[in-house]
Structure formats: C-alpha cells, structure tokens
Ligand code: SF4
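Residue numbers (my numbering): 696 to 1058.
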C-alpha cells in the first residue's frame, strides 16, 4: 500500500440539487399482489425484462428476480442487458445505468421508471468542464467511474465500476501510465492508496456515502465488538479505515454471506440489506451511522434518486411507454469503446483467475 499525495482538479463544481425522498402510497396485501401481477403481465406483453440495482426498493429487486430479470451492481447490470434476448430493457436504477444499457444495446428499447433519477457524481461532472480538465492533461490516461454521463464516458479511455476499478488502475500503473480519475474523489483516493498509482482527481463525491461518520462508527463498533464492518469505497477515508471489508456492492454481499460474524455494520445504501438478508438469513445488519434524520442530511444512507424507482413508477412506464432512454448513435459509439474495454478486461480477469495467470491487455 502506498501513501502517495493527492492532486485535485481546481474546478468549481455546480451545486447539486438533492431531491426530497419520494413518498409512495403503501402497497400491502391484495393490492401488492395485484400490482405485481399487473407488472408481470406488462413485462410479458412488452417483451421486457427488469434489471434492478441493489440500492432500489426490495420489492423491485424481488420482482426482478421472480420475472427472470436481474438484481446486480452496475457492472453486472451492463453485462446482463447485452446477453438477455428481450427487446425492451427496463432499468430500475439511476440515469447513467439506463444510458449505459442503451449505449451497449442501441437496437433495444430502454425504459426507466423515472428519467429524473440522477446521481450526485454524474451531476457533479459536467462534460464541458471535464473536457477542459482532460485537455489540460493530455499525458494522462482518462479513467472514469460508471456514474457519469454518456458524454463524459465518450471522453474517457476506460470506464470502471467500483468492482473492477482497482484491478484496472493496477494494470495501467504497471505500464507506467499516469491516470486522470473522475468523478468520485473518495473511491479515487482508495484506489490510489491500494495501487500506488500516479493519479489526478476530479473533486466529485456521492452525497449518500459522504454522510457516513467515522466517530459515530467507532462508538457503534464498541457497542457491537463482534460485528464485521462492511464499507463501500465511495465513503470517506476515515470510515474506510475502520472496515473489515471494502468493496463494491457485490463484494459486500458476498462478505455478508461468507464471514462467520453474526452481526454486520454496513456503510452503503440501505437498499442492499434486502439482498444481504436473503443470502445471510439469521444474521443482523446494522446501518453505519450517518449525519442523521432530522439533521441537514437529505439522503441518510438511502439514495433519493434510487428511491424514484417503485412498483408504481414501474407499472406506469410499462403502461405509458414514455421515459425511454435515447443516446445519440455517434455518441453511443464513442462511449461504447471504454465500456467495452472494461467488460473485456473483466472477462480476461475472470479467465486468468481460473487459469491462475495475469490478465493481458484486452483488445
Ligand atoms: S448512492 Fe451515490 S453514487 Fe449511487 S446513485 Fe446515489 S448518489 Fe449516485
């Protein structure tokens, strides 16, 4: 592990408007059953498949699995859409996930329950400002997190998700490349610390993961000394430092199932608890402390943009057919290159893990 100093872009980011948490009418009993049946029938009629992120409402995640869709992190969501034969992909997540699905499946119809479902990382990285930053550093390889617009991806050499970021940066660093990283500064700092790579950072952050508080986490750990601490690397350094496991949503879910601990303190969006309880029944999952409800906190470990997805908004979009994601064909072609590079690298990594070798440069 290296202690390389950090260099940040000196840009003034636009203010991020965090929407209030949407309030959906409760669905229980017969009304819930009727709503699920309605959606299942609409999915069949429309030759559609539901792809949901781990941070969405548990009811959506369960329905995705019940109907042959998938619940996954953003890397797997991107992969799933390319392999499933359905002509319509319904992406329950945030806008960049719908865009990525469209970029990789230009011939398919991609719908989202709510097109306003954004992300503070995406909103905090306007493509014109980002292009200026890249132009100032032409000697750097541009690596961007998946949580970015199609325009920002089109400017990148590589797209990464949190699940594969470290492996790709280590690969580039081993070739002596200097890296321009955007937009999440916390994930970037973590990757730099683990890889020792020469990195320049865009100063973006996730409003959800930034709320986790290190001092309150120390107190909670003292109250639950047997608990394992699971942390997503979009969290601040002082929170990551207390983790037993740092990783993508998939890594954290696997840790919940495989570690022997009975209790877990989890620092990521609480939507993930739905899957953790499924894979580790009987174990106890505690939310890592945030700024707190009633304080200035507007997300409290629950992404308000992810919250725009519900059974109501899903049924509505399947009935009305609006909220279709469009990405200009030329832009999609350019944005596809760094995404495919990541997917090819991930496939090579998987093959080499099976064969016990190092991944070679993907095509
Ligand atoms: S949890 Fe953070 S990174 Fe994920 S979609 Fe919400 S704002 Fe973006």
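Cβ atoms here follow ideal geometry from the backbone N, Cα and C, with glycine treated the same way.
Judging by CA-CA distance, which residue of the options is the nearest neighbour of residue i?
i	options	result
residue 808	878, 832, 744, 966	744
residue 975	969, 952, 981	952
residue 1018	742, 797, 957, 753	797
residue 977	984, 1025, 969	969
residue 708	898, 853, 802	898
residue 771	1041, 1047, 1046	1041
residue 884	921, 851, 864	864
residue 758	786, 860, 837	786
residue 979	721, 958, 1022	958
residue 837	893, 803, 805	893
residue 855	826, 1046, 1035, 1048	1035
residue 967	954, 720, 949	949
residue 760	1031, 1028, 973, 1029	973
residue 738	806, 721, 928, 752	806
Quick one: residues in its chain with C-beta nearer than 6 Å to the C-beta of residue i, no 5 flanking neighbours on either side, listed in chain order?
i	result
residue 1008	808, 809
residue 717	1002, 1003
residue 990	With a pLDDT of only 49 at residue 990, under the threshold of 50, the placement of this residue in the model should not be trusted; the figure read from the coordinates follows. Once the five neighbours on either side are set aside, residue 990 has no close Cβ partner at all.
Checking 8 Å against the spacing of the C-beta atoms, do residue i and residue j come in under that value?
i	j	result
residue 794	residue 844	yes
residue 877	residue 926	no
residue 912	residue 934	yes
residue 746	residue 776	yes
residue 792	residue 1006	no
residue 904	residue 963	yes
residue 733	residue 1050	no
residue 875	residue 832	yes
residue 900	residue 815	yes
residue 824	residue 706	yes
residue 817	residue 790	yes
residue 774	residue 1038	yes
residue 749	residue 766	yes
residue 702	residue 828	no
residue 888	residue 834	no
residue 960	residue 936	no
Does the Cβ of residue i have 16 or more other Cβ atoms within 10 Å, making it buried, or fewer, making it exposed?
i	result
residue 999	buried
residue 726	exposed
residue 965	buried
residue 819	buried
residue 710	exposed
residue 857	buried
residue 788	buried
residue 846	buried
residue 1012	buried
residue 1024	exposed
residue 813	buried
residue 715	exposed
residue 921	exposed
residue 1047	exposed
residue 866	buried
residue 723	exposed
residue 914	exposed
residue 1015	exposed
residue 932	exposed
residue 928	buried
residue 886	buried
Less than 8 Å between CB atoms is the rule here; does residue i satisfy it with respect to chain C?
i	result
residue 762	The chain inventory of the structure shown lacks chain C, comprising one protein chain alone.
Please go through the same chain and pick out, in chain order, the residues whose beta-carbon is closer than 7 Å to the beta-carbon of residue i, but skip the five residues on each side of it.
i	result
residue 811	1003
residue 988	Unreliable positioning characterises residue 988 in this predicted model, as indicated by a pLDDT of 48, which lies under 50. The coordinate reading is nonetheless provided below. So the qualifying residues of the chain are 995.
residue 782	742, 803, 804
residue 985	906, 907, 908, 992, 995, 996
residue 779	744
Who are the Cβ neighbours of residue i in its own chain at under 8 Å, not counting the five residues just before and after it?
i	result
residue 800	776, 777, 784
residue 938	924, 925, 926, 962
residue 713	815, 902, 993, 994, 999
residue 768	748, 749, 856, 857, 858, 943, 944, 945
residue 1031	798, 799
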